[in-house]
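Take a look at the structure below.
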Amino acid sequence: MTETTIRRAEAADADRLTELIQASGAYRGAYSAMIDGYRVRPDYLARHEVRMAVAEADDRLLGFYALIREPAELDLMFVADDAQGLGIGRRLIDDMLDRARAAGIASVKVVSHPPAERFYLRVGAERTGTRPPQPKTPWEQPELRFTV
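Printed below as a string of structure tokens:
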């Protein structure tokens, strides 16, 4: 397994995070509208707790998440296609839960990309409902919750 460090994302990381989102194989085809034109901007990184997993050997971005504190929600969660299956996603979720716990947050909402629902359930989330179709997501999305 790749030695990994999880650290806070800084303004200078915004383009790397955007590139990881835009390269995600999970958002091809019908799901591409969700990320069409989406960019992570430095002001987003300043407002929210965004943490990234990087390979210690070469600082390669392996994945990241964004925790919005009020109301508590996991807003973004991406793992690089070539890093999936290595435990990076689980490490990021564990880190997010630790950060939420330290902030006194009791639960964290997730509106999931439909193919990611199984992952969230495997790492401890509970399904709480379904979000109806939206303009950029013309399909229902699973709503889940992590109890911290």
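Residue 23 is where the sequence shown starts when you use our numbering, and the numbers rise one by one after that.
We put the CB at the ideal spot given by N, CA and C, even for glycine.
As the structure is a prediction and not an experimental result, all values here were calculated from the model.
DSSP three-state label for residue i, please.
i: Gly59; result: coil
i: Asp97; result: strand
i: Ser54; result: helix
i: Ala75; result: strand
i: Pro160; result: coil
i: Arg13; result: Residue 13 lies beyond the residue range present for the chain, which begins at 23 and ends at 170; the question has no answer from this structure.
i: Ile43; result: helix
i: Ala122; result: helix
Buried or exposed: where does residue i fall if 16 or more other Cβ atoms within 10 Å of its Cβ makes it buried?
i: Arg63; result: exposed
i: Gly126; result: exposed
i: Ala68; result: exposed
i: Ala79; result: exposed
i: Ala11; result: In this structure the chain extends from 23 to 170, so residue 11 is not present and cannot be described.
i: Asp58; result: exposed
With a Cβ-Cβ cutoff of 8 Å, do residue i and residue j count as a contact?
i: Leu96; j: Met74; result: no
i: Glu162; j: Thr152; result: yes
i: Phe168; j: Val130; result: yes
i: Glu71; j: Leu42; result: no
i: Val101; j: Ala128; result: no
i: Asp103; j: Ser46; result: yes
i: Val2; j: Ala122; result: Limits of the chain in this structure are 23 at one end and 170 at the other, which puts residue 2 out of reach.
i: Arg113; j: Thr26; result: yes
i: Met56; j: Tyr66; result: no
i: Tyr142; j: Leu108; result: no
i: Val76; j: Arg29; result: yes
i: Leu39; j: Ala33; result: no
i: Pro136; j: Pro160; result: no
What whole-angstrom Cβ distance do residue i and residue j have, given they're in contact under 8 Å?
i: Leu84; j: Ile110; result: 5 Å
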